[in-house]
Amino acid sequence: KARFGRVDEYKESKEDFESYIEHFEVASVTLTKMSAMSYNDLKAALIAHYRPQPFVIAKHFKFQKRNQKEVESVADYIVALRQLSVSCEFGQYLSEALRDRFVIRLYSESMQCKLLSQKDLMFNQAPLNQSYLECIQCTQPQMERK
18 KARFGRVDEY
28 KESKEDFESY
38 IEHFEVASVT
48 LTKMSAMSYN
58 DLKAALIAHY
68 RPQPFVIAKH
78 FKFQKRNQKE
88 VESVADYIVA
98 LRQLSVSCEF
108 GQYLSEALRD
118 RFVIRLYSES
128 MQCKLLSQKD
138 LMFNQAPLNQ
148 SYLECIQCTQ
158 PQMERK
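So the mapping is simple: my numbering equals the position in the sequence shown, first residue as 1, plus 17.
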């Protein structure tokens with residue numbers, strides 16, 4: 018448990034006196050530092066400590082591991098990829114990352130082949146969107162098994 022600035026009474030049976038004094042000094046320094054901080058800085062420090070943000074590599078990992086599920090529609094798969102990509106910090110690479118992950122992890126091999134046969138395929142461009150619509154219609158009733 019975090020106990021900012023709290024020092025319990027010394028109990029010889031629980032710890033030696035040197036450890037108690039060290040704990041007391043840490044609490045004193047912590048209180049001194051905290052009293053010099055603004056409310057917003059203190060709030061930010063507490064949030065960073067208790068709710069740390071995952072590393073970008075962990076976010077990329079989740080994005081890269083995402084496959085279209087057997088019973089998942091293409092539209093739902095696209096939404097899931099877009100949601101996962103929000104915190105990945107892809108920047109200018111976002112469209113390519115979405116396109117690559119979408120095509121590589123599609124459940125339907127025929128849809129993959131159709132998309133891979135297109136020159137200069139981009140995630141947000143009309144030709145790819147048209148291919149989505151065509152492939153959604155031909156693969157929704159019965160998806161192929163890889």
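Ideal placement from N, C-alpha and C gives every residue a C-beta, glycine not left out. Every value quoted in this text rests on a predicted model; they were computed, and no experiment measured them.
Rounded separation between residue i and residue j - CA only
i, j, result
"His66", "Asp25", "23 Å"
"Glu29", "Phe78", "49 Å"
"Ala114", "Ile121", "11 Å"
"Lys50", "His40", "15 Å"
"Ser36", "Val46", "15 Å"
"Phe80", "Leu48", "41 Å"
"Ser31", "Val43", "It is worth fixing the name first, because residue 31 is Lys in this sequence and not Ser. Using only the alpha carbons, I get a separation of about 18 Å."
Cβ neighbour criterion (16 or more within 10 Å) applied to residue i
i, result
"Val91", "buried"
"Tyr94", "buried"
"Arg162", "Bear in mind that a pLDDT of 46 at Arg162, under 50, signals an unreliable position, so the number given afterwards is only what the model happens to contain. Its Cβ having fewer than 16 others within 10 Å, Arg162 is exposed."
"Leu133", "exposed"
"Leu63", "exposed"
"Ser127", "exposed"
"Ser102", "buried"
"Ser52", "exposed"
Cβ separation of residue i and residue j, assumed to be a contact under 8 Å, to the nearest whole Å
i, j, result
"Ser104", "Met139", "In fact, because the Cβ distance is near 22 Å, the residues do not count as touching under 8 Å."
Check whether residue i and residue j have beta carbons under 7 Å apart
i, j, result
"Phe119", "Leu98", "yes"
Are the stretch 79 to 87 and the stretch 50 to 59 touching by the rule of at least three beta carbon pairs closer than 8 Å? no
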